[in-house]
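Undergrad: One structure coming up, written as structure tokens, with questions to follow.
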Amino acid sequence: MEFSWLSAIIVGAGCLALGYLVGASYRSPKGAALISFGSKKKKKDNPKEPLEIENLADILDDFKMILVVRNDLKMGKGKIAAQCSHATLGLYKKLLHRAPKALNRWEMCAQPKVVVKIESEEDMLILQERAKSLKLPTHITIDAGKTQIAPNSRTVMAILGRTFHIGKIKGGDVNAAITVQMLVDKFNIKGIVHYGTSGSANYALNLGSVGIPTHVAFTSSWDWKNLLGKVEFRPHQLFSNSKPNQDVFWLPIEPKWLTLATQLKNLELQHCITVNKTYCLEEFPKLAYDVRGSTADVYLHNMAYREFLYKKFNVSNVDQESAAVVATSLSNEVPCIVFRGVSDMAGGAEPITSTRSILDLAAANALHVAVEFIALLSDQTTTLHDPGSSSNGGDSSSTYHDDDDYDDGDADAGPAFYGAEADQSSYLHNHDQKEVVELRINKKAEAGSCTTYIGLVMAYPPEEAALHNSGFFVPSSNIPFVDLAGRRFNIGKIEGVDVIYVMTGKQTVSLSS
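Take a look at the structure:
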């Protein structure tokens, strides 16, 4: 009996030593988590190209693995679980060597997996070809056929891809608010620059001029009080990560960026409609600071209402998107600035010339200011918020009273707020906002991202055409664009600054959507 135990120990030790020697001879390279048992020489001589999805890891955070299970094989739950494990491991090994950054992204997102059913092997192969056409990596598990199913059956296909959503809201493509939210969610955005055209409710802000508002408001939300007796403009609720929701009327533009924009006060704007100066404006366009903007889901061409907006709220620029862009930026605690070129007088007297020509001129001037501002950002060490201290001794709360009237916005009174007397820092949530934004950006950086972008947002095709015609935007040679939810997010540089631009489409649709 003692001899038998001794023999077993000796044999076990010998097997352990033999295993160690064999393992040492096939030791994996430093840093490799898995190895393939194929020919090392063949791998060295014929290295495989990195997968296309690896490039997306530099600009996107969200990846999911889709496990496609054949329903026609009638596999049991245990069999399906085992086959899904094999498919996951197979794709993992492929990604480990050919797309390590994309694999790391997926792991940092908690390795999300979605299981779906497919009805036949033919459908699975068609889906695989579709995935390959989109440059998405796949792996199909082929079963040995020892249990339940026939040998060499294709059971489960694993696909790794970016997370995206396709759909419509209320029958139409989502517009300004949701497009900006997607921009912030899917990319490392450190700030939003919004440019476009607008009407003017202020005769001092002539055609071709560019307004840089300090505040914008959503002015098409109101209650009728008594039939045709009174119109009460309603604030909307502003949500953010760092503070409970609050009722606000005026949405403030990032004060630090407004200060930076004052360096552009001597910028020369385009004066004539065409290069050969076939038509020139009677007045030279100018930059207008310390103005206010109004946003509504209507195109304003009414002199009476135009004059009401100016007298009541001191509004200069009227458009259909700015409030949605600014509100979304504030909710995500991302700095934002707006540049709006005047293309019409919103129902006031206008010169007789081509409306489209003036629209193009206004878009070009707004773009020119936006590009020069982005160039200023390239010289800044930081582009984050610096709300400073509020006028109420550091208390950043704001209040709203139903029985108050809105400030009439007298031009000499400076920015006006509805409700409690407070400066605009009160509406930038709280003094920890800068830290919150830094935390969000640093979290993405820890996931392996090395690039942050300025988001450039426009709403209307002529505004995008102005960018194309200017030559300012240089597309990325790596990944020039990413399509998400019916929107194209274009990736490149302006004045050496990494930029992602997107056209939202006209109007806000619904801020609550």
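Numbering (UniProt numbering), first residue to last: 1 to 513.
Backbone N, C-alpha and C define an ideal beta-carbon position, used for all residues, glycine too.
As the structure is a prediction and not an experimental result, all values here were calculated from the model.
1) In whole angstroms, what is the alpha-carbon distance linking Q263 and N104?
2) Looking at the structure shown, is N317 part of a helix, part of a strand, or coil, going by DSSP?
3) What distance in whole Å lies between the Cβ atoms of I66 and G161, which are believed to be in contact at a cut-off of 8 Å?
4) Could you work out which residue in A82, E463, K77, G492 is closest to A144 when comparing CA atoms only?
5) Quick check: the Cα distance between H271 and V325, rounded to an integer number of angstroms?
6) Look at Y346 and L300 and say whether their C-beta atoms are less than 8 Å apart.
7) Given a threshold of 16 other Cβ atoms within 10 Å of its Cβ, counted over all protein chains shown, does S294 qualify as buried or as exposed?
8) If you follow the beta strand (DSSP E) that H215 is part of, which residue opens it and which one closes it?
9) Cα-Cα, which of G90, M124, L183, D344 is closest to Y453?
10) For I358 and D344, I'd like the C-alpha separation in whole angstroms.
11) Would you kindly report the start and end of the unbroken alpha helix (DSSP H) that includes M345?
12) Which stretch, first to last residue, makes up the beta strand (DSSP E) that contains H194?
13) Could you have a look at C84 and say whether DSSP puts it in helix, strand or coil?
14) For L484 and G455, I'd like the C-alpha separation in whole angstroms.
15) Considering S133, what are the terminal residues of the beta strand (DSSP E) in which it resides?
16) Hey, T141 and I159 are a contact pair by Cβ (cut 8 Å); roughly how many whole angstroms apart?
17) Using the Cα positions of N245 and L238, report the straight-line distance between them to the nearest angstrom.
18) With DSSP collapsed to three states, give me the class of L95.
19) Please classify H215 as buried or exposed, where buried requires at least 16 other C-beta atoms within 10 Å of its C-beta.
20) Would you identify the three-state DSSP class for T141, choosing helix, strand or coil?
21) Which residues bound the alpha helix (DSSP H) around I53?
22) Please identify the residue among V68, K101, C109, H97 whose C-alpha is closest to the C-alpha of A131.
23) Do you know offhand how far K311's Cα is from V318's?
24) Does the segment 197-208 come close enough to the segment 368-376 to have 3 or more Cβ pairs within less than 8 Å?
25) Is it true that the CB of A363 sits closer than 8 Å to the CB of G341?
26) Just mark I126 as buried or exposed, buried being the case when its beta carbon has 16 or more other beta carbons within 10 Å.
27) Rank K186, V334, Y501, M75 by C-alpha distance to the C-alpha of R154 and give the top, closest one.
28) DSSP on Y460, reduced to helix/strand/coil?
TA: On the basis of the data shown:
1) 42 Å
2) strand
3) 7 Å
4) Distance check between A144 and each of A82, E463, K77, G492 places A82 closest, using alpha-carbon atoms only.
5) 28 Å
6) The sequence as given places Ala at residue 346; Tyr does not occur at that position. Yes. Within cutoff.
7) Burial check for S294: the Cβ neighbour count within 10 Å reaches 16 or more, so the residue is buried.
8) 210-218
9) L183
10) The alpha-carbon atoms of I358 and D344 are separated by roughly 8 Å.
11) For M345, there is no enclosing alpha helix (DSSP H), as DSSP marks it with neither H nor E.
12) 189-200
13) helix
14) 15 Å
15) It is not in any beta strand (DSSP E) - S133 instead sits in the alpha helix (DSSP H) that spans 121-133.
16) Rounded, the Cβ-Cβ distance is 13 Å, inconsistent with contact.
17) 5 Å
18) helix
19) By the neighbour-count rule (16 or more Cβ atoms within 10 Å), H215 is buried.
20) Here T141 sits in strand by DSSP.
21) 53-56
22) V68
23) 14 Å
24) no
25) In contact: G341 and A363 (Cβ atoms closer than 8 Å).
26) exposed
27) Cα-wise, what sits closest to R154 is M75.
28) Here Y460 carries a coil assignment [DSSP, helix/strand/coil].
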